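Student:
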Amino acid sequence: MHKVVQIDGETLTIEDVVEVAYGRAKVSIPESVKAKVKRSRQVLESLLEKGETIYGVNTGFGALSNTVIPREKLKQLQVNLIRSHAAGVGKPLSKEIVRAAMLLRANTLAKGFSGVRLEALETLVEMLNKGVHPTIPAKGSVGASGDLAPLSHMVLVLIGEGEAEYKGEILSGREAMEKAGIKPIQLDFKEGIALNNGTQVMTAIAALNIYKAENLIKTAEIAAALSMEALQGVVDALDEKIHKARPHTGQATTAKNIRALVAGSKLVRTSKEAMKSVGRPHDPYSLRCTPQVLGAARDAITYARKVVETEMNSATDNPLVFPEEGVCLSGGNFHGQPVSLAMDLLGIAMAMVGNLSERRIARLLDEKLNNGLPAFLIPPQAEKGLHSGFMTAQYTAAALASENKILAHPACVDSIPTSANFEDFVSMGITAAQKTAQILENTEYIIAIELLCAAQAIDLRGPEKLGKGTRKAYSAIRKLVPMLKEDKVLSEDIEKVKAAMHTLAGLG
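Mapping of the sequence shown onto this note's numbering: position 94 corresponds to residue 182, and the numbering continues sequentially without gaps.
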């Protein structure tokens with residue numbers, strides 16, 4: 089039985105988005121929402137009857153908003169808007185992102201500020217529930233007025249045009265709707281701009297990014313804990329007193345998590361023990377400062393979640409109808425700057441996580457720095473020189489970390505004018521979200537490589553000496569891939585561990 093997600097424009101969560109995007113949860117519209125949508129439409133109709141001039145309803149768009157459109161052409165105006173704005177290019181967005189965007193667009197309409205007919209909202213939800221997924225090119229949005237091009241490709245299918253995926257086939261929009269038993273709608277006044285004006289595509293990608301980032305930060309803590317044991321790290325740096333003295337929430341959480349993971353370990357050392365054995369009381373920063381670095385990333389994720397969940401439950405089209413006051417107002421809620429800034433911050437944070445992991449990988453493989461482990465973790469039975477061990481796995485991690493540094497350059501500070509300089513400051517929000525998605529994937533690979541290297545090092549140290557939590561993680565990794573005993577192709581092992589990230593995160 090699929091979970092049912094009710095949309096009310098107020099309470100949608102990232103977990104709900106994940107359920108609909110990946111788990112195929114069904115979507116329902118409460119009766120109270122239907123009443124709000126109908127009331128909003130009635131108010132808009134009343135304003136038009138009174139002869140009011142309303143942007144995007146009986147005027148042109150953008151720099152053409154000074155042109156008033158006669159009543160008999162208002163439906164054609166909305167159809168023309170969707171057709172003309174469906175100018176996206178490139179590979180299509182994934183089915184999961186499309187489903188998330190459709191859900192978020194429906195949730196925005198459910199707030200009752202958009203002035204659409206209930207039929208438009210119900211048809212969009214029916215498409216979701218029956219698995220009609222519009223083909224949406226990934227490129228073409230500057231993030232203001234929202235994601236115009238990608239959302240227009242979504243709306244094309246709603247009116248029986250464009251292309252869509254249905255049951256694994258790419259079909260014309262009309263054919264996909266017919267096979268699913270859904271009647272396309274005919275756009276009425278306001279409905280085109282209500283459907284394509286907003287931040288739902290960038291926010292869909294952002295929501296899925298946050299979900300992945302939350303799992304990845306847990307896995308990064310597990311990798312750090314395993315590496316700490318593999319390198320016989322100093323546990324004093326995890327002491328709760330240190331982190332209470334600098335009370336950042338994320339830092340304290342990461343320190344607590346790693347303490348729990350290494351609890352009972354016979355591989356880690358105290359400061360006094362380290363002083364006696366290696367002549368120094370503490371570790372290099374890539375180990376000692378892990379709570380401070382991963383904790384800062386945790387705090388960035390927390391901020392991004394708050395922004396994105398607020399955006400998910402916001403009215404972001406323009407103009408907005410306010411039924412209680414009986415007015416329709418034009419503003420700028422479509423502007424993607426909050427999401428753009430949050431995604432840039434998240435991308436920077438996750439690039440930082442990957443950078444730290446790559447430094448621990450390098451330390452694990454360097455016989456001058458790894459406290460007695462063999463070079464490149466080549467096992468004793470394999471001939472050094474004849475075998476290279478994990479040498480090139482670090483090259484891959486380094487390449488990905490370096491790519492992340494380029495991708496981490498913020499998009500939110502960029503802007504390029506559009507619509508004859510009328511829309512003269514844009515957010516580049518979808519760019520921020522998409523490049524953060526790439527940073528996340530790169531960092532997942534880096535963490536997977538660290539987990540493999542740390543597990544290999546633990547095999548050489550003795551798995552029986554592991555802590556309570558790290559023992560579970562080590563066992564999970566070894567169920568996926570065996571210890572490296574001689575040179576082999578490593579790509580498959582890396583892919584297996586990366587694919588298991590969500591499961592591994594649950595062990596933290």
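Note that beta-carbon positions come from the ideal geometry of N, C-alpha and C, so glycine has one too.
Note that this is a predicted model, so its numbers are computed, not measured.
What separation, rounded to the nearest whole angstrom, lies between the Cα atoms of residue 454 and residue 543?
Tutor: For this step, residue 454 is matched to residue 366 along the sequence shown. For this step, residue 543 is matched to residue 455 along the sequence shown. The alpha-carbon atoms of residue 454 and residue 543 are separated by roughly 16 Å.
Student: Could you please give the first and the last residue of the uninterrupted beta strand (DSSP E) stretch that includes residue 274?
Tutor: By one-based count along the sequence shown, residue 274 stands at place 186. Looking at the DSSP string, residue 274 is not in any beta strand (DSSP E), and its letter there is neither H nor E.
Student: If you pair each beta-carbon of the stretch 457-471 with each one of the stretch 389-401, do three or more pairs fall below 8 Å?
Tutor: The stretch 457-471 is not in contact with the stretch 389-401.
Student: When the Cα of residue 537 is compared with those of 586, 505, 528 and 511, which residue comes out closest?
Tutor: As a working note, residue 537 is residue 449 in the sequence shown. Considering only alpha carbons, the answer is 586.
Student: Report the residue from 318, 425, 295 and 466 whose alpha carbon sits nearest the alpha carbon of residue 389.
Tutor: Locating residue 389 in the sequence shown gives position 301, counting from the first residue. The candidate whose alpha carbon is nearest that of residue 389 is 295.
Student: When you compare only the Cα positions, how much space is there between residue 547 and residue 299?
Tutor: If you number the sequence shown from 1, residue 547 lands on position 459. If you number the sequence shown from 1, residue 299 lands on position 211. Going from the Cα of residue 547 to the Cα of residue 299 covers about 32 Å.
Student: Reducing DSSP to helix, strand and coil, say where residue 599 ends up.
Tutor: Since the displayed the chain opens at 89 and closes at 596, residue 599 lies outside it and no answer follows.
Student: Pull up the distance between the alpha-carbon of residue 173 and that of residue 335, whole angstroms please.
Tutor: Counting from one through the sequence shown, the residue named residue 173 turns up at place 85. Counting from one through the sequence shown, the residue named residue 335 turns up at place 247. Straight-line Cα distance between these residues: approximately 49 Å.
Student: List the endpoints of the continuous beta strand (DSSP E) containing residue 416.
Tutor: The residue given as residue 416 occupies position 328 in the sequence shown. From DSSP, the beta strand (DSSP E) with residue 416 extends over 415-417.
Student: Say whether the stretch 266-274 touches the stretch 222-234, bearing in mind that this needs 3 or more beta-carbon pairs closer than 8 Å, one atom from each stretch.
Tutor: Too few Cβ pairs lie closer than 8 Å, so no.
Student: Since residue 382 contacts residue 312 with CB under 8 Å, what's their CB separation in whole angstroms?
Tutor: Against the sequence shown, residue 382 aligns to sequence position 294. Against the sequence shown, residue 312 aligns to sequence position 224. That belief holds up - the Cβ atoms of residue 382 and residue 312 are roughly 7 Å apart, short of 8 Å.
Student: Figure out for me which residue from 175, 171 and 137 has the closest Cα to the Cα of residue 158.
Tutor: Working through the sequence shown from its first residue, we reach residue 158 at position 70. Of the listed residues, the one whose Cα sits closest to residue 158 is 137.
Student: Is residue 204 closer than 9 Å to residue 135 when the C-beta atoms are compared?
Tutor: By one-based count along the sequence shown, residue 135 stands at place 47. By one-based count along the sequence shown, residue 204 stands at place 116. Contact: no.
Student: Going by C-alpha distance, which of 237, 161 and 270 is nearest residue 211?
Tutor: As a working mapping, residue 211 is identified with position 123 in the sequence shown. Selected option, being the one with the closest Cα: 270.
Student: Please state whether DSSP places residue 506 in a helix, a strand or coil.
Tutor: To locate residue 506, count along the sequence shown from 1; it is residue 418. Looking at residue 506 - three-state DSSP - the assignment turns out to be strand.
Student: For a minimum of 4 consecutive residues, which ranges assigned as the alpha helix (DSSP H) are wholly contained in the stretch 232-307?
Tutor: Fully enclosed alpha helix (DSSP H) runs of 4 or longer: 236-246, 261-268 and 279-284.
Student: Consult DSSP for residue 221 and reduce its assignment to one of helix, strand or coil.
Tutor: For this step, residue 221 is matched to residue 133 along the sequence shown. Looking at residue 221 - three-state DSSP - the assignment turns out to be strand.
Student: Can you give me the C-alpha to C-alpha distance between residue 30 and residue 91, rounded to a whole angstrom?
Tutor: Here the chain has residues from 89 to 596 only, and residue 30 is not among them.
Student: In three-state DSSP terms, what is residue 426?
Tutor: If you number the sequence shown from 1, residue 426 lands on position 338. Three-state result, residue 426: helix.
Student: For residue 323, which of helix, strand or coil comes out of DSSP?
Tutor: On the sequence shown, residue 323 is found 235 positions in, with the first residue counted as 1. It is helical.
Student: Sort 469, 484, 486 and 465 by Cα distance to residue 476 and report the nearest one.
Tutor: Within the sequence shown, numbered from 1, the residue matching residue 476 stands at position 388. Of the listed residues, the one whose Cα sits closest to residue 476 is 465.
Student: In the DSSP assignment, find the unbroken alpha helix (DSSP H) run with residue 138 in it and report its ends.
Tutor: Counting from one through the sequence shown, the residue named residue 138 turns up at place 50. Note, residue 138: premise wrong, no alpha helix (DSSP H); not H, not E.
Student: Answer with buried or exposed for residue 112, where buried requires no fewer than 16 other C-beta atoms within 10 angstroms of its C-beta.
Tutor: Taking the sequence shown and counting its residues from 1, one reaches residue 112 at position 24. Residue 112 comes out exposed.
Student: Does the Cβ-Cβ distance between residue 316 and residue 346 come in under 9 Å?
Tutor: Position 228 of the sequence shown, counted from the start, is the residue given in the question as residue 316. Position 258 of the sequence shown, counted from the start, is the residue given in the question as residue 346. In this structure, residue 346 lies closer than 9 Å to residue 316 by Cβ.
Student: Report the residue from 521, 577, 414 and 404 whose alpha carbon sits nearest the alpha carbon of residue 292.
Tutor: As a first step, residue 292 is located in the sequence shown; it is residue number 204 there, counting from the start. Cα-wise, what sits closest to residue 292 is 521.
Student: Does the Cβ of residue 494 have 16 or more other Cβ atoms within 10 Å, making it buried, or fewer, making it exposed?
Tutor: The residue labelled residue 494 in the question sits at position 406 within the sequence shown. Exposed: under 16 other Cβ atoms inside 10 Å.
Student: Could you spell out where the alpha helix (DSSP H) holding residue 488 opens and where it closes?
Tutor: Here residue 488 corresponds to residue number 400 of the sequence shown, with the count starting at 1. 479-495 is the extent of the alpha helix (DSSP H) around residue 488.
Student: Return the CA-CA distance between residue 123 and residue 418, expressed in angstroms with no decimal places.
Tutor: To locate residue 123, count along the sequence shown from 1; it is residue 35. To locate residue 418, count along the sequence shown from 1; it is residue 330. About 23 Å.
Student: With DSSP run on the structure shown, which of helix, strand or coil describes residue 578?
Tutor: Indexing the sequence shown from 1 puts residue 578 at position 490. In the structure shown, residue 578 sits in coil (DSSP, three-state: anything other than H, G, I, E or B).
Student: I need the boundaries of the beta strand (DSSP E) containing residue 114, first residue and last residue.
Tutor: As a position in the sequence shown, residue 114 is number 26, starting the count at 1. Its beta strand (DSSP E) spans residues 114-116.
Student: Looking at the structure shown, is residue 410 part of a helix, part of a strand, or coil, going by DSSP?
Tutor: Working through the sequence shown from its first residue, we reach residue 410 at position 322. It is a strand residue.
Student: Within a Cβ cutoff of 6 Å, which residues of the same chain sit near residue 340, ignoring the five residues on either side of it in sequence?
Tutor: In the sequence shown, the residue the question calls residue 340 occupies position 252. Only 331 meet the Cβ criterion.
Student: Could you tell me whether the stretch 184-200 touches the stretch 213-220, where touching means 3 or more Cβ pairs closer than 8 Å?
Tutor: They touch, by the three-pair rule.
Student: Note down the Cα distance separating residue 539 from residue 565, rounded to an integer number of angstroms.
Tutor: As a position in the sequence shown, residue 539 is number 451, starting the count at 1. As a position in the sequence shown, residue 565 is number 477, starting the count at 1. Going from the Cα of residue 539 to the Cα of residue 565 covers about 8 Å.
Student: Please confirm if the stretch 554-561 is in contact with the stretch 349-364, defined as three or more CB-CB distances below 8 Å between the two stretches.
Tutor: As far as the Cβ criterion goes, the stretch 554-561 touches the stretch 349-364, which means the pair count is three or higher.
Student: I'd like to confirm the pairing. Which residues does DSSP put opposite residue 94 in its beta bridges?
Tutor: For the purposes of this step, residue 94 is identified with residue 6 of the sequence shown, where counting begins at 1. Per DSSP, 116.
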